[in-house]
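Everything on this sheet refers to the single structure shown next.
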Amino acid sequence: MGKSLVKEIEVLKKILETYQVFSDAKLAAYTLSYFKSKIDNKPLRAYFCRKLYEYLSEAKTADGKGPTKWKELFFLKLPFLFEMVIVIQYLENHILDDKYDVRKGQDKTVNQNLISANILRALLFLYLDKEVTPLLADEKQVLVIHRLLSRLLLFVDLGQRIDKEYNNYQCWVDADQFPLLLEGRYLFPPFVQDCISSFSKLVKTEVTGKDHFIDGYFQRLYLTNVYFFECIVEIVLTMMNYEGREKGNLRKFAIQYGYMLQIINDYADFAYSPNKKEQALLKTGGKKTTDFFADLYNFNITLPLIYHLEEGSRRKIEAYLAGGRRQKKILTQYPMQIVNEIKESGAIRKCIDLSRQLSLSARICLDEKNSMTPYFENMCDIAMKNKFYNIFI
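As numbered in my numbering, residues 114 to 506 make up the sequence shown, in order.
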């Protein structure tokens, strides 16, 4: 699907031409170089959007199906919008988390990432007006997409703020430093909490005395990752004017699937191998082979560490977290010890098990009779076995 989206880069180039002020014509290359390198590499959210449309097309009655232009909307234009959003997120994450060979001391690269992300935010809505609006039924649909995309971008930034301010070892050790979540807040609506209540309760049962921190963990994941999939569902449902019984089921699927993916991403951060060929296989769209232990490097307390730190032992991981940056050599000098510690504590196994439970629960939301269901089930199979899992087992 990525190959079909690559040509949309040319649309962005044409939009950028209006804002080109130098004769060297390098603005497009400066802004879109990373986007272009990523767009044809398994664009998950674009694929999710397309399959969601196909799933709902089958769920709708024959006389309720939309016009032929819907295929262009749901196969190309909307998927490309969502890929623009994830690229913006990646560019900013590379700076915030020192990932993808972007280090805070490298001013030129950091500046390019930051400026490119900001330009892409503007291009996102220019592309919406130019390419998506003509395919929509009325102006109300334009406003819905604009509102939901704006909320999505805001949610990600709010989640990043939680990550940088509160998701650290100091807040883990000193509970008073981590504020309580406000009850019934819009950012974590009851429907979402109901979708994951059994899973968050399971973590709280196994990790005692850290309920507020665990609540913050699930809130952060919702803002930075999970809402992305729920947002896609909301937009597609609205564009198709769908109000059937699949509406709630697909929202629940998106939420549980999003949490499943993020938990896999959390334990994948510890998937280090000394083998160069295996390292190359562990690369993802948002992370290079040199970015293993990136969450640990930034003192981010992800689910593997929540489970691991429950034991409270003095190991290499704890020594690094307690010692701060002056202990950063521990991560480069003892990588296999880090991997072995996180495995021996049972943290990785618990994360794998939780991701699999989320996968199984998400599948239940799908209609077995829908011909598109196997595609979504296949997306859930990553929790059962993946390239990161192979490093630990």
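C-beta: ideal position from N, C-alpha, C; glycine also. All values reported here derive from a predicted model rather than from experimental measurement.
{"Asked": "Would you verify that the beta carbon of residue 380 is, or is not, closer than 8 Å to some beta carbon of chain B?", "Found": "Checking the listed chains, one finds no chain B in this structure; it contains a single protein chain."}
{"Asked": "Please identify the residue among 409, 416, 356 whose C-alpha is closest to the C-alpha of residue 104.", "Found": "For residue 104 there is no data in the structure shown, the boundaries of the chain being 114 and 506."}
{"Asked": "Looking at residue 230 and residue 205, is the spacing between their C-beta atoms short of 8 Å?", "Found": "yes"}
{"Asked": "Evaluate the contact criterion for the stretch 349 to 357 versus the stretch 313 to 329: three or more CB pairs, one atom per stretch, below 8 Å.", "Found": "no"}
{"Asked": "What's the C-alpha gap between residue 142 and residue 263?", "Found": "26 Å"}
{"Asked": "Which full runs of the alpha helix (DSSP H) of 4+ residues lie inside the stretch 119 to 169, going along the chain?", "Found": "121 to 130, 140 to 152"}
{"Asked": "To the nearest angstrom, how far is the alpha carbon of residue 273 from that of residue 335?", "Found": "11 Å"}
{"Asked": "Measure the Cβ-Cβ separation of residue 281 and residue 412 and say whether it is below 8 Å.", "Found": "yes"}
{"Asked": "Using a 10 Å radius around the Cβ and a threshold of 16 neighbouring Cβ atoms, would you call residue 210 buried or exposed?", "Found": "buried"}
{"Asked": "Which residue from 203, 381, 128, 246 puts its Cα closest to that of residue 151?", "Found": "203"}
{"Asked": "Assess, as a yes-or-no matter, whether the stretch 451 to 471 is touched by the stretch 367 to 386 under the definition of 3 or more beta carbon pairs within less than 8 Å.", "Found": "yes"}
{"Asked": "Cβ atoms of residue 370 and residue 164: under 8 Å apart, would you say?", "Found": "no"}
{"Asked": "Cβ atoms of residue 316 and residue 327: under 8 Å apart, would you say?", "Found": "yes"}
{"Asked": "CB-CB under 8 Å to residue 294, same chain, minus the five flanking residues each way: which ones, in chain order?", "Found": "301, 325, 328, 329, 332"}
{"Asked": "With 16 other CB atoms within 10 Å as the buried threshold, where does residue 197 fall?", "Found": "buried"}
{"Asked": "In angstroms with no decimal places, state the Cα-to-Cα distance between residue 402 and residue 134.", "Found": "Caution is warranted here: a pLDDT of 46 is assigned to residue 402, below 50, making its placement in the model unreliable, and the coordinate value is therefore given only provisionally. Rounded to the nearest angstrom, the two C-alpha atoms are 37 Å apart."}
{"Asked": "CA-CA distance, residue 499 and residue 506?", "Found": "11 Å"}
{"Asked": "At which residues does the alpha helix (DSSP H) containing residue 348 begin and terminate?", "Found": "340 to 352"}
{"Asked": "Determine the DSSP secondary structure at residue 283, reduced to helix, strand or coil.", "Found": "helix"}
{"Asked": "Rounded to a whole number of angstroms, what is the C-alpha to C-alpha distance between residue 121 and residue 311?", "Found": "42 Å"}
{"Asked": "On a CA-only basis, which of 254, 129, 136 is nearest residue 186? Give me that one, please.", "Found": "254"}
{"Asked": "Just to confirm my understanding: we take residue 476, look at its own chain, exclude 5 residues before and 5 after, and list those with CB closer than 6 Å. What are they?", "Found": "490, 493"}
{"Asked": "How big is the Cα-Cα spacing for residue 448 and residue 461?", "Found": "16 Å"}
{"Asked": "Under 8 Å, with one C-beta from each stretch per pair, do the stretch 358 to 367 and the stretch 477 to 484 reach the 3-pair mark?", "Found": "yes"}
{"Asked": "I need the DSSP call for residue 208, collapsed to helix, strand or coil.", "Found": "helix"}
{"Asked": "With distances taken from CA atoms, which of 345, 373, 452, 267 is nearest residue 387?", "Found": "452"}
{"Asked": "Please classify residue 506: does DSSP put it in a helix, a strand, or coil?", "Found": "coil"}
{"Asked": "With distances taken from CA atoms, which of 485, 445, 474, 375 is nearest residue 464?", "Found": "375"}
{"Asked": "Just tell me which of 227, 483, 344 has its CA closest to the CA of residue 268.", "Found": "344"}
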